[in-house]
Amino acid sequence: MTKTIAVFLHHPTCSTDSVNGVMAALSPMARIKLFTKHRVLNGFFDDVDVVVFPGGDGEATAFRHVLKPNLSEIRAFMQRGGKYLGICMGAYWADAYYFDFLKGTRAVQYIKRPHADIRASYGTTAKVLWRQRPERMYFYDGPTFVGGRFETIATYANGDPMAIVQDNLGLVGCHLESQAHWYNKKVMQAHWHQNAHHPMLWQFVAEHLLQRRQMPLFEDGG
């Protein structure tokens, strides 16, 4: 059965760039539909398997304004067993100050953590271990996760968690959905991943949020 993924768009907080990247990465595995700060129609989430809150630019406190019309519907979706993918800003929003979905865990700025290798908020690449494999991933003031119990999928250079799974939450600090134009700056061009991070995001969602261990792309050796 085809899965359905609902992606939140509110530029620049959950930016058009990030939403387009999420759609490019996840559309091979599911039907995608968008929603915004405007109140959704009754039943919008009835066929949704995963709700996605991507990253963007701005203050996390924008949550109060842009999510207010749909807070009750999103919380009801999660209470029914729905799954949540948060990327950068969307990962912060799982914290107690916002949706309050995390259990005993806080989403905090990586750049303020001890021994963090990035100390300022700007677009760059972070050294990451993704399933114990070294990668450089697009980073813009993403979170790490402290306290509580969760499964760590990836870590930053200082060993802090970069991507985690806790119950029906999948949270990622870096931007695996990034696309070529994100790397236009000369210092970034050498780190463009040639879309290789898109299937990694796909597999993260498939394995940890949809419990589909084998996806056609990987079965075919793509």
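Numbering (our numbering), first residue to last: 4 to 225.
Positions of the beta carbon are idealized from the N, C-alpha and C atoms, including for glycine.
Can residue i and residue j be called in contact, C-beta distance under 8 Å?
i       : j       : result
Arg-136 : Thr-128 : no
Val-131 : Ala-157 : yes
Leu-172 : Tyr-87  : yes
Ile-167 : Asp-144 : no
Pro-146 : Val-111 : yes
Phe-48  : Gly-85  : yes
Val-229 : Glu-76  : No answer is possible for residue 229: the residues shown for the chain start at 4 and end at 225.
Val-55  : Val-25  : yes
Val-149 : Arg-122 : no
Leu-213 : Gly-151 : no
Asp-103 : Ala-160 : no
Trp-185 : Asp-20  : yes
Asn-23  : Gln-169 : no
Alpha carbon to alpha carbon, what distance is there between residue j and residue i?
i       : j       : result
Gln-217 : Ser-30  : The pLDDT assigned to Gln-217 is 40, lower than 50, so where the model puts this residue is not dependable; a value taken from the coordinates is nonetheless given after this. Each residue's alpha carbon lies about 16 Å from the other.
Ala-27  : Glu-180 : 8 Å
Ala-99  : Pro-117 : 22 Å
Tyr-141 : Val-10  : 20 Å
Lys-71  : Lys-40  : 8 Å
Gly-107 : Ala-63  : 20 Å
Phe-65  : Ser-18  : It should be pointed out that residue 65 corresponds to Ala in this sequence rather than to Phe. Taking the straight line joining both Cα atoms gives about 13 Å.
His-68  : Pro-15  : 13 Å
Cys-91  : His-178 : 7 Å
Trp-133 : Arg-83  : 30 Å
Val-190 : Tyr-125 : 13 Å
Met-81  : Leu-74  : 11 Å
Pro-192 : Ala-79  : It should be noted that the sequence gives Gln, not Pro, for residue 192. Distance between the alpha carbons of Gln-192 and Ala-79: 43 Å.
Asn-187 : Gln-197 : 13 Å
Leu-208 : Tyr-101 : For clarity, residue 208 is Val in the given sequence; the question names Leu instead. Their backbone Cα atoms lie some 22 Å apart in a straight line.
Thr-5   : Trp-205 : 14 Å
Gly-224 : Met-203 : Low per-residue confidence applies at Gly-224: pLDDT is 33, beneath 50, and the placement is therefore not dependable enough to give any value.
Val-175 : Glu-210 : 14 Å
Taking residue i and residue j to be in contact with their CB atoms under 8 Å, please state how far apart those CB atoms are, rounded to whole angstroms.
i      : j      : result
Gly-58 : Gly-93 : 6 Å
Run through the segment 185-220 for me and flag every whole alpha helix (DSSP H) of 4 or more residues, listed as ranges in chain order. 189-192, 200-211
May I ask you to verify whether the segment 6-21 touches the segment 34-54, counting CB pairs closer than 8 Å and requiring at least 3? yes
Please list the segments of the beta strand (DSSP E) lying wholly inside the segment 53-84, counting only runs of 3 or more residues, in order along the chain. 53-56
Could you pull out every unbroken beta strand (DSSP E) segment of at least 3 residues lying fully inside the segment 16-41, listed in chain order? 33-38
Which parts of the segment 98-129 are runs of the beta strand (DSSP E), unbroken and 3 residues or longer, counting only runs that do not cross its ends? 109-112
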